[in-house]
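Residue 1 is where the sequence shown starts when you use our numbering, and the numbers rise one by one after that. Using N, Cα and C, we set each Cβ at its ideal position, and we do this for glycine too. Every value quoted in this text rests on a predicted model; they were computed, and no experiment measured them. Report on one structure; see the data block that follows.
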Amino acid sequence: MLSGIGFDNLPAVDMHIHTVHCGHCTAEMTVPNIIRRAEQLGLKQIAITDHVWNDQQLAMLDVIEQEFGALEPQITVRLGAEVDVDPRHADGRLIEQVRPCFRPLIIATHAYPQTTLMWYDDGQVSRRTKRLLLKKWFRWITAAVRRENVDVLAHPGVLLSREGPELRFEAEILDRFTDLFGVMRAQGVAFEINEQVKYKLLSQEQQDTYHNLPALAAELGVKFSVGSDSHELAQIGQLDWASEIARRAGLQAADFRLYSGPGLVKRPAKS
Ligand SMILES: [Zn+2]
Ligand SMILES: [Zn+2]
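Structural data, given as structure tokens:
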């Protein structure tokens, strides 16, 4: 059964897909293979959004752009990027170095602010330090969301879950997101419903309460994007958990606003 497109509460799209160029995908994740797979699944639109964690990876985007230029897909394919909010600087300045043709521009945080600690480097951080870092995280991500050309915030809440498995997306945790969601609404930055969050949350309680986060965002007028965050072909269009979260959060079709502005895009030739 083809997954992803079978859900009537999600658009038939996958707006977050990585390629072999990032160095941690399977070898089959070439740009042509990704597009062929999405066509076979019947997706209407995809976005290729590879990682940029530092200035060296900006050149990788140029390589993907060259490959992209030669293709004639039968579905709409956008060439965007997933840019890390540079942890060396508190203001997300790496975003400004990405040429504005790469859209949607998804921003993400995979490391703690002003450290080299990745989201999975759990044991090295004391609880007290984590609390401080997460306070910083809200300041840091809010500054980044205010930057020009930012379209989507990837997997909100994943870094927060690192406070410990007992954390739940409830009560004061949600309060902390209120200001950020207000800025996202004002800036037109979408909340991404990301399939891989399922595997990154630390506990069943976090999985059971995660939908409260998009529910609050929707209440505050934030729009949504959706993506599998695929690193292998079989993950493309797989959005089972995303669909479930959208259902639990009470999202409607009108809550999704996929990026549709200028940028590198291929559309199917009219027959
Ligand atoms: Zn990745
Ligand atoms: Zn990603």
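Item to complete: Starting from residue 152, follow its DSSP beta bridges and name the residues at the other end.
Response: DSSP lists 106, 190 as partners of residue 152.
Practice prompt. Compute the beta-carbon to beta-carbon distance between residue 52 and residue 81, rounded to the nearest angstrom, for a pair I have assumed lies under 8 Å.
Written response: Indeed, because the Cβ distance is near 5 Å, the residues count as touching under 8 Å.
Worksheet item: At which residue ranges does the segment 13-45 contain complete alpha helix (DSSP H) runs of 4 or more residues, listed in the order of the chain?
Response: You should have 31-41.
Item to complete: At 4 residues or longer, and completely inside the segment 200-260: list those alpha helix (DSSP H) runs for me, N to C.
Response: List check, alpha helix (DSSP H) in window: 204-209, 212-219, 240-248.
Worksheet item: Any idea which residues DSSP pairs residue 79 with across the strands?
Response: Looking at the DSSP assignment, residue 79 forms a beta bridge with 48.
Worksheet item: Taking all protein chains shown into account, do 16 or more other C-beta atoms lie within 10 angstroms of the C-beta of residue 259, making it buried, or fewer, making it exposed?
Response: Buried, because 16 or more other Cβ atoms sit within 10 Å of the Cβ of residue 259.
Fill in: Cβ-based neighbour list, residue 267, same chain, cut-off 6 Å, excluding 5 preceding and 5 following
Non-local beta-carbon contacts of residue 267 in its own chain, meaning distances under 6 Å to residues more than five positions away in sequence, involve 76 in chain order.
Worksheet item: Should residue 14 be listed as close to ligand 2, given that the test is whether its C-beta is under 7 Å from any heavy atom?
Response: Checking every heavy atom of ligand 2 against the Cβ of residue 14, none is found closer than 7 Å.
Fill in: Beta-bridge pairing of residue 145 - partner residues as DSSP gives them
For residue 145, which the question treats as bridged, DSSP gives no partner whatsoever.
Worksheet item: Is the closest heavy atom of ligand 1 to the C-beta of residue 231 under 7 Å?
Response: Yes; taking the cut-off as 7 Å, the Cβ of residue 231 has a heavy atom of ligand 1 nearer than that.
Fill in: Counted within 10 angstroms of its Cβ, other Cβ atoms place residue 47 as buried (16 or more) or exposed
Per the 10 Å Cβ criterion, buried.
Worksheet item: What number of angstroms, rounded off, separates the C-alpha of residue 201 from the C-alpha of residue 9?
Response: Going by the C-alpha atoms only, they are around 23 Å apart.
Discussion item. Output needed for residue 245: all residues of its chain with C-beta closer than 7 Å, excluding positions within five of it in sequence on either side, in chain order.
Written reply: 193, 210, 211, 214.
Worksheet item: Does ligand 2 have a heavy atom nearer than 7 Å to the CB of residue 82?
Response: At least one heavy atom of ligand 2 is found less than 7 Å from the C-beta of residue 82.
Worksheet item: Rounded to a whole number of angstroms, what is the C-alpha to C-alpha distance between residue 162 and residue 119?
Response: Their backbone Cα atoms lie some 7 Å apart in a straight line.
Worksheet item: For ligand 2, is there a heavy atom less than 7 Å away from the beta-carbon of residue 154?
Response: Yes; taking the cut-off as 7 Å, the Cβ of residue 154 has a heavy atom of ligand 2 nearer than that.
Discussion item. Using the three-state DSSP reduction, which class does residue 265 fall into: helix, strand or coil?
Written reply: Residue state, collapsed to three classes: strand.
Fill in: Beta-carbon spacing of residue 176, residue 221 below 8 Å
Result no, Cβ atoms of residue 176 and residue 221 do not sit closer than 8 Å.
Item to complete: Put residue 8 into one of helix, strand or coil per three-state DSSP.
Response: In this structure, residue 8 counts as coil in the three-state DSSP scheme.
Worksheet item: Between the beta-carbon of residue 67 and the beta-carbon of residue 31, is there less than 8 Å?
Response: Yes, these two residues count as a Cβ contact at 8 Å.
Worksheet entry | Where residue 69 falls, given that 16 or more other Cβ within 10 Å makes a residue buried | By the neighbour-count rule (16 or more Cβ atoms within 10 Å), residue 69 is not buried but exposed.
Practice prompt. Check whether the Cβ of residue 24 lies closer than 7 Å to any heavy atom of ligand 1, and answer yes or no.
Written response: Flag set: Cβ of residue 24 near ligand 1.
Item to complete: Answer yes or no: the CB of residue 21 versus the heavy atoms of ligand 2, is any distance below 7 Å?
Response: The answer is no for residue 21.
Worksheet item: Count the other CB atoms within 10 Å of the CB of residue 139; is the residue buried (16 or more) or exposed (fewer)?
Response: Exposed is the label assigned to residue 139, since fewer than 16 other Cβ atoms lie within 10 Å of its Cβ.
Discussion item. Starting from residue 64, trace the alpha helix (DSSP H) in both directions and tell me its first and last residue.
Written reply: First-last of the alpha helix (DSSP H) with residue 64: 58-69.
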